[in-house]
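To start, the structure itself, in structure tokens.
Numbering (the numbering used here), first residue to last: 111 to 281.
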């Protein structure tokens, strides 16, 4: 019994020193290589283009025009001028160059060197290259199909909310 207790105690004492604890932290250079092979810079550029389009559309829909009135030329020019000032700030603050150090930190805290090396090897393989090259198309199709679902979903939500408000008003 003492021998079993000693074995368990020794095993538990050594757990903090298991080999996984000693896994090497990834180097910033290896993380930057992973970001390169995954084309993270292009993914961010694409995301920024989508955000720019979304913000522009939101600004168009949010324009302060009364029912049946046309937007004045001055109001349209002011909105366009505002977007021309705001969008470059967004693009600059969310640029790959400004986000790269954040990605390096996150990956460094999340992966060890062996894992980063394995990911780099995968993304340099034919399957990994195909994955990286096809993901923009996959994301675009996903967004399109999700947007198609949003219309009917929003109608259902509006109907449910209307019913809830009617029921609340009837109480």
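Even glycine gets a Cβ: it sits at the ideal position worked out from N, Cα and C.
Because the structure is a prediction, the values reported are computed rather than measured.
Using three-state DSSP, classify residue i as helix, strand or coil.
i: residue 246; result: helix
i: residue 143; result: helix
i: residue 136; result: coil
i: residue 278; result: helix
i: residue 150; result: helix
i: residue 240; result: helix
i: residue 359; result: Any question about residue 359 goes unanswered here, given that the chain covers just 111 to 281.
Please tell me whether residue i and residue j are closer than 7 Å, where the distance is taken between their beta carbons.
i: residue 148; j: residue 233; result: yes
i: residue 158; j: residue 201; result: yes
i: residue 143; j: residue 242; result: no
i: residue 220; j: residue 136; result: no
i: residue 169; j: residue 146; result: no
Looking only at its chain, what residues have a beta carbon closer than 7 Å to the beta carbon of residue i, apart from the 5 residues adjacent to it on each side?
i: residue 246; result: 156
With respect to 6 Å, is the separation between the Cβ of residue i and the closest non-hydrogen atom of the ligand SAM below this value?
i: residue 227; result: Ligands in the displayed structure: none, and consequently the ligand SAM is not present.
Please go through the same chain and pick out, in chain order, the residues whose beta-carbon is closer than 6 Å to the beta-carbon of residue i, but skip the five residues on each side of it.
i: residue 279; result: none
i: residue 206; result: 151, 154
To which residues of the same chain is residue i closer than 8 Å at the C-beta, ignoring the five residues directly before and after it?
i: residue 253; result: 160
i: residue 120; result: At residue 120 the pLDDT is 49, less than 50, meaning the model places this residue with poor confidence; the figure from the coordinates comes in the next sentence. Correct list: empty, nothing qualifies.
Worksheet item: Quick one: any contact between the segment 223-231 and the segment 157-173, if contact means 3 or more CB pairs under 8 Å?
Response: Too few Cβ pairs lie closer than 8 Å, so no.
Practice prompt. Let me know the alpha helix (DSSP H) ranges lying completely inside the segment 176-236, each 4 residues or longer, listed in chain order.
Written response: Listed in chain order, the complete alpha helix (DSSP H) runs (minimum 4 residues) inside the segment 176-236 are 183-203, 206-220, 223-234.
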